[in-house]
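Here is the structure we will look at.
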Amino acid sequence: MLLNNSLLCFYPVFGHIKSLSYEKFKKPFLRNYENKSQLSRRIHCQSVTTVAPVTKGVGILQFFEGKNIFVTGATGLLGKVLVEKILRSTPVGKIYVLVKADDREAAMERLANELINSELFGCLQEKYGKYYQELIREKLIPVVGNICEPNLGIDIESARTMMEDINVIIESAAITTLNERYDLLVHTNVNGPQRTMSFAKSCKNLEILVHFSTVYVNGEKEGVVFETPLINGENRRNDTSSDKSRQLEIADDEITMALRSCTSSTNYEMTMNMKRHGMERARLNGWHNAYHMTKAMAEMAVEEIREDIPVLIIRPSVIESCYKEPIPGWIQGNRMYDPVIISYGKGQLPAYLGDPDAPVDIIPLDIVVNATIAAIAKHGQMHRSELAVYQIASSVVNPLLHKDFFDYLHEYFSSEPLIELKNFAKICYHDNVAKIKFFDNFDDFSNYTRQEIGRRLGIKDGVAIDGKHNLKLQRQLKANVTYAQQLCKLYEFAGFYKARFHSGNVQIMFSEMSKEEKVDFSVDIKNIDWRKYFQRVHIPGLRKHVLNDKTISV
């Protein structure tokens, strides 16, 4: 049992959690506001474009007013933008943020560095001005803990306060690396949600729990995939059904056995063995990789143990940078399709392993956040013990094909080439960007890639054309080809993926939203201009926020 009455497994952390007190605001801030309700409206409405009375719609503002939320994974890409949006656009009560840290001081420092004082929270800081820090201290509550520890690593006193206080739990903590070690993926992505659900069962005023997943839990399907819960034991392929539940249930035993077999290996060998074991296990069960499989296992576990807790499963497709807010083009880290984009822009990816007519299912980060907030409000007000699934994806309502994706990249980098500083010299990659060539088998892809990268490096028939630096160029060629091969193998599942993801629940919810909600919490996937998104928003944002190109504006 992960959470019991004795709470013996809690670790000491920062102590008592203060409740929200409007009396602590300075008097000038309270001027012209007759009561606390008006102040709350003032807090969230500064960023709302309309001042007219808000019609019912889904009821986002009504639901979030005064609600207390517990968020895991708040320092990650999705969690940061979600917390920022809730603080900026809703009259929320408190947001408890689980922070992996040694103690309270370290937790508060991490929260300040990664959220409060970050560029992403600049809109909030500008909005509240000199009252920003005080407001944040009252609204944003750091809680030292770790989803990989018993009882989430939260101390007894804090846990008791939270269990009385929390109305909504948002679980976004996860390892999202596609080729991570199998044991680490299971420990975080499967066991973590079970611990969170156990904690949720002790929350007396909980109205809904949100679990972030991925559309790729659906596995190796074809055709249109609908928003249905996963069934433990269902085959992920389109062939005859097969009971896989036994294999999923013994994941911990498999990991233990695999680790024991590697006791004499180096750390590197153990890591490679665990990655290989995870990939083999995933492929056997009908998933593309261990990440997708463990997220599927988590969905099944949440459904099996939730009892009467209302659950909202959010399945985004590939999340990329913010489309409009809080900062267009903002993204954290070189992730998802971004290694492909950067490699292509540097001329290091002349070919791609995939079907040019297969969809690239991408969704901007802010649309995922808005859809999540709206769905929480919609289902939180229902007070039904149900599990709802929302797939936030573009491949049905606004498909982007691989051939169009690479055409947009080619257009952009042909006019706005990447420039890199190496050894105090600027390198412009303009001449190395050409139209992508698609291949449907790995050998042909590898042969063409080797020849083309060699040509771009000045190597012909295995020899440098100028006769100089041949060994150095040969090493560079080998490294570049190896990287291109690894990159395309990693994304091969998407390059040939035959399924498209239905997002009917998002579309229905969008039709139910009021005019004000459609503006302030836009989930309009259908009208995204993909050429504009990549060329004016995402790639400039990638260059600015990831490659640190100071000359780029979005």
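The opening position of the sequence shown corresponds to residue 1 in the UniProt record's numbering, with each subsequent residue numbered one higher. All C-beta atoms in this analysis are idealised placements derived from N, C-alpha and C, irrespective of residue type, glycine included.
In the DSSP assignment, the residues bridged to E320 are P364. Short of 7 Å from the beta carbon of P359, and not among the five residues preceding or following it, lie these beta carbons of its own chain, in chain order: S395, P399, L400, L401, R500.
Straight through space, the alpha carbons of V143 and I156 are spaced by roughly 12 Å. Between Y323 and I367, the gap from beta carbon to beta carbon is short of 9 Å. Only residues of its own chain outside the window of five on either side were considered, and among them S172, I314 have a CB closer than 6 Å to the CB of F212, listed in chain order. When DSSP states are grouped into helix, strand and coil, R384 belongs to the coil group.
The three-state reading of DSSP puts I313 in strand, counting E and B together. Burial is judged here by how many other beta carbons sit within 10 angstroms of a residue's own beta carbon; K56 has fewer than 16 and is exposed.
A check of alpha carbon separations from I552 across W330, E452, G458, V433 identifies W330 as the nearest. By the criterion of at least three beta-carbon pairs nearer than 8 Å, the region 347-363 is not in contact with the region 99-117.
DSSP, reduced to helix, strand and coil, places Q391 within a strand of the structure shown.
The beta carbon of E299 sits closer than 8 Å to the beta carbons of H211, S213, V217, P229, L230, I313 from its chain, once the five residues preceding and following it are set aside; these are given in chain order. Using a Cβ distance threshold of 9 Å, V340 and Y128 do not count as a contacting pair. For the region 98-175, the full-length alpha helix (DSSP H) segments reaching 4 residues or more read 104-111, 122-128, 132-139, 156-165 along the chain.
The region 177-188 makes no contact with the region 360-379; the number of CB pairs closer than 8 Å stays below 3. According to the DSSP assignment, V302 belongs to the alpha helix (DSSP H) that extends over 290-305. DSSP lists no bridge partner for H277. Pairwise C-beta distances place the region 373-385 out of contact with the region 525-539, as fewer than three of them are shorter than 8 Å. Around the beta carbon of C488, a 10 Å sphere encloses 16 or more other beta carbons of the protein chains shown; the residue is thus reported as buried. Less than 9 Å separates the beta-carbon of L140 from that of V97. In this structure, H379 sits near I208, with a CB-CB distance shorter than 9 Å. Look at the beta carbons and you see the region 263-282 touching the region 166-182: at least three pairs across the two are nearer than 8 Å.
The beta carbons of L387 and E303 sit about 6 Å from each other, so the pair counts as a contact at 8 Å. For T482, the uninterrupted alpha helix (DSSP H) run begins and ends at 470-490, by DSSP. The region 324-364 is shown to contain whole beta strand (DSSP E) runs of 3 or more residues at 351-353, 362-364, in chain order. Here Y497 carries a coil assignment [DSSP, helix/strand/coil].
Per DSSP, L409 is one residue of the alpha helix (DSSP H) stretching across 402-415.
Residues L418, E420, Y429, N432 of the same chain have their beta carbon placed closer than 8 Å to that of K346, with the five preceding and five following residues left out of the count. According to the DSSP assignment, T196 belongs to the alpha helix (DSSP H) that extends over 191-200. Annotation: H538 to S321 spans about 6 Å, alpha carbon to alpha carbon. In the DSSP assignment, C428 is bridged to I419.
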